[in-house]
Amino acid sequence: MTATIINGKQIAEDIREGIRQEMEQLKTTGFQPGLAVVLVGEDPASQVYVRHKEKACHDLGYYSEVHRLPSTTSQEELLAMVDQLNKQENINGILVQLPLPKQIEEKAIINAIAPEKDVDGFHPISVGNLVIGDDSLLPCTPAGVIELIKRAGVEISGKHAVVIGRSNIVGKPVSLLLQRENATVTMCHSRTSNMKELAKQADILVVAIGKANFVDASYIKPGAVVIDVGVNRLENGKLAGDVDFESATQVCGPITPVPGGVGPMTITMLMQNTLVAAKRAHGLK
Ligand SMILES: Nc1nc2c(c(=O)[nH]1)N[C@@H](CN(C=O)c1ccc(C(=O)N[C@@H](CCC(=O)O)C(=O)O)cc1)CN2
Numbered sequence: 001m002t003a004t005i006i007n008g009k010q011i012a013e014d015i016r017e018g019i020r021q022e023m024e025q026l027k028t029t030g031f032q033p034g035l036a037v038v039l040v041g042e043d044p045a046s047q048v049y050v051r052h053k054e055k056a057c058h059d060l061g062y063y064s065e066v067h068r069l070p071s072t073t074s075q076e077e078l079l080a081m082v083d084q085l086n087k088q089e090n091i092n093g094i095l096v097q098l099p100l101p102k103q104i105e106e107k108a109i110i111n112a113i114a115p116e117k118d119v120d121g122f123h124p125i126s127v128g129n130l131v132i133g134d135d136s137l138l139p140c141t142p143a144g145v146i147e148l149i150k151r152a153g154v155e156i157s158g159k160h161a162v163v164i165g166r167s168n169i170v171g172k173p174v175s176l177l178l179q180r181e182n183a184t185v186t187m188c189h190s191r192t193s194n195m196k197e198l199a200k201q202a203d204i205l206v207v208a209i210g211k212a213n214f215v216d217a218s219y220i221k222p223g224a225v226v227i228d229v230g231v232n233r234l235e236n237g238k239l240a241g242d243v244d245f246e247s248a249t250q251v252c253g254p255i256t257p258v259p260g261g262v263g264p265m266t267i268t269m270l271m272q273n274t275l276v277a278a279k280r281a282h283g284l285k
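Mapping of the sequence shown onto the UniProt record's numbering: position 107 corresponds to residue 107, and the numbering continues sequentially without gaps.
Written out as structure tokens, the structure is:
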């Protein structure tokens, strides 16, 4: 079995093309999804991601608002901003870019977003719906992971999936989504004593542990699908995933690169969620 590269950039573009075509039809009726993005502070990576979100809206013909607030913004000020966006009829999706400065409690802000506008899928109601398998807006990166696996032509049902990492944003939701697709899921984390042994049993290995090049060939069953969610900026300025790509490709089957794998899917799935939220707000299917 030889490694094949899953081209996340191309898959993300294919999905955007589908959205573009749907928009062509919908906009004749005056329909326009609206996304508000709130950025607090000057984190360089967050500034780049927010610019990409604004550009994606522009390219697809969405209405877009970006609110750039100073790093000294208080929790009350940010809550007031979210409250105002909850009330705005031209806004169907609200995204507060993470991480937030330390004086602001992330949870308080996420909980304040109206669940029907929660295009990040982080609100407890969205998470609860995901757990019980009801319709909800799915968190973007985990939804992107599932989409990548499917579009790489990999059947998920009946497979053993191992997820390394248990964050609320990636590890937990991706495990639930894999389970929803009828995989048998094992979750590993920093306290798992036999991680390598478990990872080596995976048909599908999803790595979201936030440690550069953590997983090498010795963790991978020959031919396994490897999805690398890590985006780690090295001291030399280069990006590295959580998977040692050179080593992994000696044994794995389909694998996502970093950059150009999961990352590009995050913003595309956000655009998809914003369209879904807008259609629901207009009573469309
Ligand atoms: N409110 C949210 N905050 C954050 C989220 C999120 O989903 N919602 N995710 C990340 C940041 N993020 C989007 O916000 C994001 C991360 C990475 C990429 C991406 O395309 N990565 C590229 C590499 C980009 C680079 O050169 O730095 C890739 O992997 O190919 C897009 C979006 C945290 N915050």
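Heads up, the beta-carbon is just placed ideally off N, CA and C, and yes, glycines get one too.
For clarity, every value in this text was computed on a predicted model and none was experimentally measured.
In chain order, what residues of the same chain lie with their CB nearer than 8 Å to the CB of residue i, ignoring the 5 residues before and after it?
i: Met195; result: Ile164, Cys188 and Tyr219
i: Ile109; result: Gln75, Leu78, Leu79, Val82, Val96 and Leu100
Which class does residue i belong to by DSSP, given the choice of helix, strand or coil?
i: Tyr49; result: helix
i: Val38; result: strand
i: Ala224; result: coil
i: Cys252; result: coil
i: Asn86; result: helix
i: Leu205; result: strand
i: Val162; result: strand
i: Ala240; result: strand
Enumerate in chain order the residues of its own chain whose CB-to-CB distance from residue i is below 6 Å, with the five nearest sequence positions on each side excluded.
i: Ile169; result: none
i: Ala143; result: Met269
i: Leu100; result: Val40 and Glu106
i: Pro259; result: Leu239
i: Ala278; result: Pro33 and Asn92
i: Phe214; result: Asp242
Would you say the beta carbon of residue i is closer than 7 Å to some non-hydrogen atom of ligand 3?
i: Ala45; result: Ligand 3 is absent from the structure shown, which contains only ligand 1.
For residue i, which beta-bridge partners are listed by DSSP?
i: Val66; result: Val37
i: Arg20; result: Beta-bridge pairing links Arg20 to no other residue.
i: Val7; result: For the sequence presented, residue 7 should be read as Asn rather than Val. Per DSSP, none; premise fails for Asn7.
i: Val215; result: Val243
i: residue 330; result: Residue 330 cannot be examined here, being either before or after the span of the chain that is shown, 1 to 285.
Can you tell me whether residue i is buried or exposed, with buried defined as 16 or more other CB within 10 angstroms of its CB?
i: Ile132; result: exposed
i: Gly230; result: buried
i: His123; result: buried
i: Gly158; result: exposed
i: Gln97; result: buried
i: Ser74; result: exposed
i: Ala45; result: exposed
i: Thr266; result: buried
i: Ser190; result: exposed
i: Thr2; result: exposed
i: Pro264; result: buried
i: Gly253; result: buried
i: Glu147; result: buried
i: Asp135; result: exposed
i: Thr249; result: buried
i: Ser71; result: exposed
Would you mind reading off the limits of the beta strand (DSSP E) that contains residue i?
i: Gly93; result: Gly93 to Val96
i: Val185; result: Thr184 to Cys188
May I ask which residues mark the beginning and end of the alpha helix (DSSP H) holding residue i?
i: Ala114; result: Element bounds for Ala114: n/a, residue is neither H nor E.
i: Ile149; result: Cys140 to Arg151
i: Gly128; result: Pro124 to Ile132
i: Thr274; result: Gly263 to Ala281
i: Arg180; result: Gly171 to Arg180
i: Lys102; result: Taken as a continuous stretch (DSSP letters only), Lys102 belongs to no alpha helix (DSSP H), as it is neither H nor E.
i: Lys196; result: Met195 to Ala199
Near residue i, which residues of its chain fall below 7 Å by C-beta distance, leaving aside the five closest residues on each side in sequence?
i: Asp120; result: Leu95, Pro139 and Cys140
i: Met271; result: Arg16, Ile19, Ala56 and Leu60
i: Tyr62; result: Gln32, Pro33, Gly34, Leu35 and Thr274
i: Ser247; result: Asp216 and Ala217
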